[in-house]
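Engineer:
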Amino acid sequence: MSNKRDNNKKVDWVDATLSEFDGVRYLHLDSIWVQGAMRVKKPERLELEYIQRMMVWMLWRDSRELNQGQAVQLGLGAGALSRFCRKQLKMKTTAVEINPTVISACRHWFHLPDDDERFQVVNADAGAWVADADHWGTAQVLNVDLYDHDAAAPVLDDEQFYRHCRAVLADGGLMTVNLFGRSASFARSAARIALAFGSDQVWHLTPTREGNTVVVAGRGVSVPEREVLEQRAATIESRYELPAQKWLKLVRPLPMNIINQIRD
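If you're matching positions, the sequence shown starts at -13 in my numbering and goes up one per residue.
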(Lines of atoms letter the chains of each structure in order from A and count residues from 1; the text may use other names and numbers.)
(Lines give C-alpha, C1' and ligand atoms only; values in the text may rest on other atoms or scores of the structure.)
Protein backbone atom coordinates (compact mmCIF):
# COMPACT_ATOMS: atom_id res chain seq x y z
CA MET A 1 0.00 0.00 0.00
CA SER A 2 1.21 3.48 -0.75
CA ASN A 3 -0.10 6.96 -1.23
CA LYS A 4 1.59 10.26 -1.83
CA ARG A 5 2.78 12.12 1.21
CA ASP A 6 2.70 15.88 1.70
CA ASN A 7 5.68 16.57 3.95
CA ASN A 8 4.18 19.90 5.00
CA LYS A 9 1.13 18.30 6.60
CA LYS A 10 0.57 15.83 9.39
CA VAL A 11 -0.64 12.56 7.92
CA ASP A 12 -3.25 10.43 9.66
CA TRP A 13 -2.42 6.97 8.37
CA VAL A 14 -5.10 4.36 7.83
CA ASP A 15 -4.48 1.75 10.51
CA ALA A 16 -3.43 -1.75 9.51
CA THR A 17 -5.85 -4.35 10.88
CA LEU A 18 -5.84 -8.14 10.90
CA SER A 19 -8.19 -11.03 10.35
CA GLU A 20 -7.55 -14.77 10.38
CA PHE A 21 -9.40 -17.67 8.79
CA ASP A 22 -8.53 -21.32 8.22
CA GLY A 23 -4.88 -20.88 9.08
CA VAL A 24 -4.37 -17.76 6.94
CA ARG A 25 -3.71 -14.32 8.42
CA TYR A 26 -4.89 -11.32 6.38
CA LEU A 27 -3.81 -7.69 6.39
CA HIS A 28 -6.45 -4.97 5.92
CA LEU A 29 -6.41 -1.19 5.98
CA ASP A 30 -9.54 -0.48 7.98
CA SER A 31 -11.71 -2.08 5.28
CA ILE A 32 -12.86 -5.46 4.00
CA TRP A 33 -10.26 -5.40 1.21
CA VAL A 34 -7.35 -7.77 1.64
CA GLN A 35 -3.96 -6.05 1.33
CA GLY A 36 -1.93 -9.21 1.89
CA ALA A 37 -2.00 -12.67 3.41
CA MET A 38 0.24 -15.24 5.08
CA ARG A 39 -0.34 -18.88 5.95
CA VAL A 40 0.66 -18.90 9.61
CA LYS A 41 2.40 -22.28 9.55
CA LYS A 42 4.13 -21.57 6.22
CA PRO A 43 5.10 -17.89 6.30
CA GLU A 44 7.51 -18.16 3.35
CA ARG A 45 4.81 -19.50 1.04
CA LEU A 46 3.08 -17.10 -1.38
CA GLU A 47 -0.54 -17.57 -0.42
CA LEU A 48 -2.54 -15.34 -2.78
CA GLU A 49 -2.73 -16.26 -6.46
CA TYR A 50 -2.01 -12.78 -7.77
CA ILE A 51 0.99 -12.48 -5.46
CA GLN A 52 2.33 -15.73 -6.90
CA ARG A 53 1.88 -14.27 -10.37
CA MET A 54 3.93 -11.22 -9.40
CA MET A 55 6.88 -13.63 -9.58
CA VAL A 56 6.26 -14.37 -13.28
CA TRP A 57 9.37 -12.32 -14.08
CA MET A 58 11.32 -15.46 -13.17
CA LEU A 59 10.42 -16.92 -16.58
CA TRP A 60 12.40 -14.16 -18.32
CA ARG A 61 15.59 -14.81 -16.33
CA ASP A 62 18.07 -17.65 -16.52
CA SER A 63 17.33 -20.02 -13.63
CA ARG A 64 21.01 -19.88 -12.65
CA GLU A 65 20.76 -16.10 -12.16
CA LEU A 66 17.54 -15.80 -10.17
CA ASN A 67 19.33 -14.86 -6.96
CA GLN A 68 21.55 -12.21 -8.52
CA GLY A 69 21.02 -8.49 -8.04
CA GLN A 70 18.46 -6.55 -6.03
CA ALA A 71 14.70 -7.00 -5.79
CA VAL A 72 12.59 -3.96 -4.87
CA GLN A 73 8.95 -3.97 -3.75
CA LEU A 74 6.91 -0.78 -3.95
CA GLY A 75 4.14 -1.34 -1.43
CA LEU A 76 4.86 -3.79 1.37
CA GLY A 77 1.44 -5.36 1.83
CA ALA A 78 1.83 -8.30 4.20
CA GLY A 79 5.48 -8.63 3.20
CA ALA A 80 4.99 -11.83 1.17
CA LEU A 81 7.10 -10.84 -1.83
CA SER A 82 9.79 -9.33 0.37
CA ARG A 83 10.03 -12.46 2.52
CA PHE A 84 10.11 -14.67 -0.57
CA CYS A 85 12.80 -12.73 -2.40
CA ARG A 86 14.98 -12.56 0.68
CA LYS A 87 14.48 -16.08 2.03
CA GLN A 88 13.72 -18.26 -0.99
CA LEU A 89 15.64 -16.45 -3.75
CA LYS A 90 18.28 -15.08 -1.37
CA MET A 91 18.30 -11.76 -3.21
CA LYS A 92 19.23 -8.43 -1.74
CA THR A 93 15.75 -7.02 -1.07
CA THR A 94 14.37 -3.54 -0.44
CA ALA A 95 10.72 -2.76 0.32
CA VAL A 96 9.34 0.80 0.12
CA GLU A 97 6.21 1.49 2.17
CA ILE A 98 4.79 4.88 3.10
CA ASN A 99 2.42 3.79 5.89
CA PRO A 100 4.33 3.12 9.14
CA THR A 101 1.41 1.13 10.60
CA VAL A 102 1.79 -1.40 7.76
CA ILE A 103 5.49 -1.81 8.52
CA SER A 104 4.74 -2.25 12.22
CA ALA A 105 2.03 -4.84 11.53
CA CYS A 106 4.37 -6.80 9.26
CA ARG A 107 7.09 -6.79 11.90
CA HIS A 108 4.75 -8.00 14.63
CA TRP A 109 2.32 -10.31 12.81
CA PHE A 110 3.74 -11.30 9.42
CA HIS A 111 7.26 -12.54 10.21
CA LEU A 112 8.96 -9.65 8.45
CA PRO A 113 12.67 -9.89 9.29
CA ASP A 114 14.72 -7.09 10.77
CA ASP A 115 16.83 -4.95 8.47
CA ASP A 116 20.32 -6.22 7.73
CA GLU A 117 22.89 -6.03 4.94
CA ARG A 118 20.59 -8.00 2.59
CA PHE A 119 17.20 -6.67 3.60
CA GLN A 120 15.78 -3.20 4.18
CA VAL A 121 12.33 -1.69 4.64
CA VAL A 122 12.21 2.00 3.76
CA ASN A 123 9.41 4.16 5.17
CA ALA A 124 9.04 6.49 2.19
CA ASP A 125 6.81 7.55 -0.67
CA ALA A 126 7.28 5.13 -3.57
CA GLY A 127 6.94 7.88 -6.17
CA ALA A 128 9.71 9.93 -4.58
CA TRP A 129 11.88 6.83 -4.13
CA VAL A 130 11.84 5.86 -7.82
CA ALA A 131 12.33 9.51 -8.86
CA ASP A 132 15.58 9.66 -6.86
CA ALA A 133 18.43 9.23 -9.36
CA ASP A 134 20.51 7.53 -6.66
CA HIS A 135 18.26 4.48 -7.10
CA TRP A 136 18.37 4.35 -10.89
CA GLY A 137 19.91 1.26 -12.44
CA THR A 138 20.07 -0.56 -9.10
CA ALA A 139 17.34 -3.22 -9.37
CA GLN A 140 17.03 -6.37 -11.42
CA VAL A 141 13.46 -6.87 -10.22
CA LEU A 142 10.76 -4.32 -9.33
CA ASN A 143 7.39 -5.44 -7.92
CA VAL A 144 4.74 -2.69 -7.89
CA ASP A 145 1.54 -3.14 -5.85
CA LEU A 146 0.29 0.28 -4.78
CA TYR A 147 -3.31 0.46 -3.59
CA ASP A 148 -4.90 2.44 -0.77
CA HIS A 149 -7.56 1.22 1.66
CA ASP A 150 -10.31 1.56 -0.97
CA ALA A 151 -8.35 -0.66 -3.42
CA ALA A 152 -10.10 1.05 -6.34
CA ALA A 153 -7.10 1.90 -8.58
CA PRO A 154 -3.32 2.21 -8.29
CA VAL A 155 -2.27 5.23 -6.28
CA LEU A 156 0.75 5.89 -8.52
CA ASP A 157 -0.16 5.27 -12.14
CA ASP A 158 1.02 7.99 -14.52
CA GLU A 159 3.51 7.74 -17.35
CA GLN A 160 6.20 9.64 -15.46
CA PHE A 161 5.98 7.23 -12.55
CA TYR A 162 6.46 4.25 -14.89
CA ARG A 163 9.37 6.01 -16.61
CA HIS A 164 11.01 6.36 -13.22
CA CYS A 165 10.31 2.67 -12.54
CA ARG A 166 12.11 1.83 -15.78
CA ALA A 167 15.01 4.03 -14.71
CA VAL A 168 15.32 2.07 -11.44
CA LEU A 169 15.84 -1.14 -13.41
CA ALA A 170 19.27 -2.20 -14.57
CA ASP A 171 19.61 -3.33 -18.19
CA GLY A 172 17.73 -6.61 -18.54
CA GLY A 173 15.65 -5.84 -15.45
CA LEU A 174 11.97 -6.68 -15.09
CA MET A 175 8.98 -5.05 -13.43
CA THR A 176 5.68 -6.67 -12.45
CA VAL A 177 2.63 -4.55 -11.64
CA ASN A 178 -0.67 -5.57 -10.08
CA LEU A 179 -3.63 -4.06 -11.94
CA PHE A 180 -7.35 -4.73 -11.88
CA GLY A 181 -7.73 -6.20 -15.36
CA ARG A 182 -11.50 -6.28 -15.48
CA SER A 183 -11.97 -2.58 -14.94
CA ALA A 184 -11.80 0.24 -17.47
CA SER A 185 -8.60 1.45 -15.81
CA PHE A 186 -6.58 -1.55 -17.00
CA ALA A 187 -6.26 -0.33 -20.59
CA ARG A 188 -5.20 3.14 -19.43
CA SER A 189 -2.62 1.78 -16.99
CA ALA A 190 -1.22 -0.74 -19.48
CA ALA A 191 -0.92 2.00 -22.12
CA ARG A 192 1.03 4.20 -19.72
CA ILE A 193 3.39 1.34 -18.93
CA ALA A 194 3.87 0.66 -22.65
CA LEU A 195 4.61 4.32 -23.33
CA ALA A 196 7.31 4.23 -20.64
CA PHE A 197 8.84 0.85 -21.55
CA GLY A 198 7.91 0.34 -25.23
CA SER A 199 5.04 -1.86 -26.40
CA ASP A 200 7.44 -4.69 -27.33
CA GLN A 201 8.62 -4.80 -23.72
CA VAL A 202 5.22 -5.29 -22.05
CA TRP A 203 3.16 -8.46 -21.50
CA HIS A 204 0.32 -9.44 -19.19
CA LEU A 205 -1.31 -12.48 -17.66
CA THR A 206 -5.00 -13.13 -17.98
CA PRO A 207 -6.94 -11.94 -14.91
CA THR A 208 -7.37 -14.00 -11.77
CA ARG A 209 -10.88 -14.88 -10.65
CA GLU A 210 -10.79 -11.79 -8.45
CA GLY A 211 -9.86 -9.59 -11.42
CA ASN A 212 -6.18 -8.94 -10.71
CA THR A 213 -4.05 -8.72 -13.84
CA VAL A 214 -0.28 -8.82 -13.53
CA VAL A 215 1.61 -6.81 -16.13
CA VAL A 216 5.26 -7.56 -16.92
CA ALA A 217 7.57 -4.90 -18.34
CA GLY A 218 11.24 -5.25 -19.20
CA ARG A 219 14.20 -3.01 -19.85
CA GLY A 220 15.78 -4.47 -22.96
CA VAL A 221 14.58 -8.06 -22.53
CA SER A 222 13.44 -10.64 -25.07
CA VAL A 223 11.12 -13.61 -24.76
CA PRO A 224 13.14 -16.86 -24.78
CA GLU A 225 12.30 -19.77 -27.05
CA ARG A 226 9.36 -21.88 -25.93
CA GLU A 227 11.59 -24.83 -25.03
CA VAL A 228 13.70 -22.61 -22.77
CA LEU A 229 10.58 -21.18 -21.11
CA GLU A 230 9.25 -24.67 -20.45
CA GLN A 231 12.55 -25.72 -18.88
CA ARG A 232 12.58 -22.64 -16.68
CA ALA A 233 8.96 -23.18 -15.67
CA ALA A 234 9.73 -26.76 -14.63
CA THR A 235 12.70 -25.57 -12.58
CA ILE A 236 10.64 -22.88 -10.85
CA GLU A 237 7.90 -25.37 -9.98
CA SER A 238 10.27 -27.97 -8.55
CA ARG A 239 12.49 -25.52 -6.70
CA TYR A 240 10.02 -22.90 -5.46
CA GLU A 241 6.59 -24.61 -5.64
CA LEU A 242 5.12 -21.89 -7.85
CA PRO A 243 2.71 -22.70 -10.73
CA ALA A 244 5.05 -21.47 -13.46
CA GLN A 245 3.82 -23.90 -16.11
CA LYS A 246 0.35 -22.45 -15.66
CA TRP A 247 1.81 -18.95 -16.04
CA LEU A 248 3.15 -19.92 -19.46
CA LYS A 249 -0.39 -20.59 -20.64
CA LEU A 250 -1.59 -17.23 -19.32
CA VAL A 251 1.05 -14.84 -20.68
CA ARG A 252 -0.20 -12.60 -23.48
CA PRO A 253 1.22 -9.69 -25.49
CA LEU A 254 -0.53 -6.36 -25.12
CA PRO A 255 -3.95 -6.30 -26.82
CA MET A 256 -4.05 -4.51 -30.15
CA ASN A 257 -6.52 -1.92 -28.88
CA ILE A 258 -3.91 -0.77 -26.35
CA ILE A 259 -1.12 -0.75 -28.94
CA ASN A 260 -3.32 1.24 -31.30
CA GLN A 261 -4.11 3.66 -28.48
CA ILE A 262 -0.38 4.24 -28.01
CA ARG A 263 0.18 4.79 -31.73
CA ASP A 264 -2.67 7.28 -31.89
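Don't be surprised by glycine CBs; every beta carbon is placed ideally from N, CA and C. Treat the numbers as computed from the prediction; the structure is a model and nothing was measured.
Whole-angstrom Cβ separation of A23 and V42, contact assumed at under 8 Å?
Structural biologist: Counted from its first residue, the sequence shown places residue 23 at position 37. Counted from its first residue, the sequence shown places residue 42 at position 56. With a Cβ gap of about 19 Å, A23 and V42 do not count as contacting.
Engineer: Which value, in whole angstroms, describes the spacing of the CA atoms of A203 and E227?
Structural biologist: The residue you call residue 203 lines up with position 217 of the sequence shown. The residue you call residue 227 lines up with position 241 of the sequence shown. Cα to Cα, A203 sits roughly 23 Å from E227.
Engineer: Give the secondary structure of K232 by DSSP, where H, G and I count as helix, E and B as strand, and everything else as coil.
Structural biologist: Taking the first residue of the sequence shown as position 1, residue 232 is located at position 246. The answer is helix: DSSP assigns K232 an H, G or I state.
Engineer: Does the segment 146 to 153 come close enough to the segment 85 to 97 that 3 or more CB-CB pairs lie under 8 Å?
Structural biologist: The answer is no - the segment 146 to 153 does not touch the segment 85 to 97, with fewer than three Cβ pairs under 8 Å.
Engineer: Grab the span of the alpha helix (DSSP H) containing P86 for me, first residue to last.
Structural biologist: Sequence index remark: in the sequence shown, residue 86 carries index 100 (1-based). That run of the alpha helix (DSSP H) goes 86 to 95.
Engineer: Would you check if the distance between the CB atom of R205 and the CB atom of G159 is smaller than 8 Å?
Structural biologist: One-based indexing of the sequence shown puts residue 205 at position 219. One-based indexing of the sequence shown puts residue 159 at position 173. The answer is yes: Cβ separation under 8 Å.
Engineer: Quick check on K73: does DSSP put it in helix, strand or coil?
Structural biologist: Reading the sequence shown from its first residue, position 87 is the one you call residue 73. Helix, per DSSP.
Engineer: Pull the bridge partners of S175 from the DSSP assignment, please.
Structural biologist: Within the sequence shown, numbered from 1, the residue matching residue 175 stands at position 189. In the DSSP output, where bridge partners are listed per residue, S175 has none listed.
Engineer: Based on Cα-Cα distance, which residue from S90, W122, A119, G123 lies nearest to V108?
Structural biologist: Position 122 of the sequence shown, counted from the start, is the residue given in the question as residue 108. Comparing Cα-Cα distances from V108 to each of S90, W122, A119, G123, the minimum goes to S90.
Engineer: Smallest Cα separation from Q126: which of A57, V214, A81, T80?
Structural biologist: Here residue 126 corresponds to residue number 140 of the sequence shown, with the count starting at 1. The residue with the shortest Cα to Cα distance from Q126 is A57.
Engineer: Could you say which of M44, P140, E33 lies nearest to S60 if we only look at CA atoms?
Structural biologist: Indexing the sequence shown from 1 puts residue 60 at position 74. As written in the sequence, residue 60 is Leu, which differs from the Ser given in the question. Of the listed residues, the one whose Cα sits closest to L60 is P140.
Engineer: Would you report the Cα separation of P229 and C92, rounded to the nearest angstrom?
Structural biologist: Indexing the sequence shown from 1 puts residue 229 at position 243. Indexing the sequence shown from 1 puts residue 92 at position 106. Using only the alpha carbons, I get a separation of about 26 Å.
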